[in-house]
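Okay, so here's the structure we're looking at.
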Amino acid sequence: MLLLGKFDHTIDPKGRLAIPAEVRSVLDPATHGEALIAAPGANETLWLWPERTFERFAEALGGSLLGDEDLLAFERHLFSQASRCTLDAAGRVRIPDRLLRGFGIESAVVIAGVRDHLELMTPARWETEQSSLQATHADVWRRARAALSDAGRRNSS
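Each residue of the sequence shown is one higher than the one before, starting from 192 at the first, in this note's numbering.
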């Protein structure tokens with residue numbers, strides 16, 4: 192499953208976000224779960240993960256009962272702020288106010304499909320990021336190719 196595209200949407204007064212039909216069409220409840228998990232993302236935007244994708248990510252972290260301090264801090268930050276958001280019959284999810292406020296999202300929101308998750312941000316943030324990426328487009332691609340090459344070498348070792 193790939194989550195793709197950019198969508199301009201709004202959060203209604205009850206904090207509900209309509210998940211785009213194009214996104215819903217690739218989400219299979221039997222495979223991906225019945226909900227989306229809203230959680231802080233790595234790039235200071237709000238991420239929505241299919242429930243089972245988020246569970247696999249959590250399992251990959253391993254047990255943290257006696258874990259590394261950095262991992263414990265990361266888990267505390269991520270999991271304490273995460274929220275399970277069930278899709279209603281109209282394909283909407285209710286995102287907690289604390290998360291919307293924390294990311295400066297009021298009404299207008301950009302939803303970006305980013306492979307295995309969705310990223311939510313204000314339209315102004317989207318425009319700023321796109322301008323920055325456009326200015327460094329060739330460099331972004333070069334760094335991505337280098338990172339993929341490095342990952343390939345590590346996996347073959």
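Quick reminder that beta carbons are idealized off the backbone N, C-alpha and C, glycines included. Please read these numbers as outputs of a predicted model, since none were measured by experiment.
- Ile296 places its beta carbon 9 Å or farther from that of Ile210.
- Inclusion of Thr236 and Leu339 in the CB contact set at 9 Å is not warranted, their separation being larger than that value.
- Below 8 Å, too few C-beta pairs join the region 262–272 and the region 310–324 to call them touching: fewer than three.
- For Asp199, the enclosing beta strand (DSSP E) starts and ends at 197–201.
- Counting other Cβ atoms within 10 Å of its Cβ, Arg334 stays below 16 and is therefore classed as exposed.
- Within the DSSP secondary-structure output, Ser323 pairs in no beta bridge.
- Looking at Leu194, Trp238, Asp199, the one whose alpha-carbon comes closest to that of Asp219 is Leu194.
- If you ignore the 5 residues before and after Pro231, its C-beta comes within less than 6 Å of the C-beta of Gln272, all in its own chain and listed in chain order.
- Judged by DSSP in its simplified three-state form, Glu310 adopts strand.
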